[in-house]
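Residue numbers (the working numbering), protein chains in the order written: chain A, -3 to 69; chain B, -3 to 69.
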DNA sequence: GTTTTGGTTATCATAAATGATAAAATAAGT
DNA sequence: ACTTATTTTATCATTTATGATAACCAAAAC
């Protein structure tokens, strides 16, 4: 498990946590962000190294700032 | 100028500002991050949509947290 | 038990970030 | 002016995130 993989897992968990806190399904969040739901699923599972723009859209639609999204990463 | 481009310009300026605050040349930062100096140049100019891992390496080597790096974006 | 609902996994194509290298431009210092 | 350091720009190959679609799994509802 390298740094990159750890980071991917961490951001994935963070997104999942914030999303579940507001009871928003993956598909809803994905739709709002204009990303594929399968893509979001992989992201939350730590399977991708998302770009800044993807993270920004997720933060916006979760109602948090980008800082809050990447906290402790 | 769309949202993505604005975001790229914003992160670029932020990296540049933080880097210059500690008087670190692009090439030094790039070397520490194991990224190409040309790549960093483009990033600071707003020409790329960097991945989370790239941003994390940059934050680490600038001596700031990821939150601090993406502040106000 | 069979519909929903939410989530996962798989595959392939496409777009784009990055690696690698080189050349040109700019600034700073001597 | 000349040198040196720094940055920018360009190009091409490679890697990878994402788009798009489909099939599958799990749990809860009914």
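We put the CB at the ideal spot given by N, CA and C, even for glycine.
| Item | Value |
| --- | --- |
| Rounded C-alpha distance that separates residue 69 of chain B from residue 43 of chain B | 16 Å |
| Contact under 7 Å by Cβ, residue 8 of chain A with residue 32 of chain A | no |
| Nearest candidate by alpha-carbon position, reference residue 0 of chain A, set B:25, B:50, B:27, B:-1 | B:50 |
| Nearest residue (CA-CA) to residue 60 of chain A, options A:-2, A:-3, A:6, A:14 | A:14 |
| Straight-line Cα distance separating residue 17 of chain B from residue 64 of chain B | 14 Å |
| 8 Å Cβ cut-off: residues of chain A touching residue 28 of chain B | Those do not exist, as residue 28 of chain B stays about 14 Å from chain A at its closest Cβ, beyond 8 Å. |
| For residue 38 of chain A and residue 56 of chain B, the rounded distance between their alpha carbons | 25 Å |
| Beta-carbon neighbours of residue 45 of chain B, restricted to chain A and to distances below 9 Å | 47, 48, 49, 50 |
| is_contact[residue 7 of chain A, chain B] using C-beta, thresh 7 Å | yes |
| Neighbour-count burial assignment, residue 52 of chain A, 16 or more Cβ in a 10 Å radius | buried |
| Distance between beta carbons of residue 4 of chain B and residue 45 of chain B, contact taken as under 8 Å | 6 Å |
| 7 Å Cβ cutoff met for residue 36 of chain B and residue 26 of chain B | yes |
| Check whether residue 66 of chain B and residue 66 of chain A have beta carbons under 7 Å apart | yes |
| Start-end ranges of the alpha helix (DSSP H) lying completely within the stretch 26 to 66 of chain B, minimum 4 residues | 33 to 40, 48 to 58, 62 to 65 |
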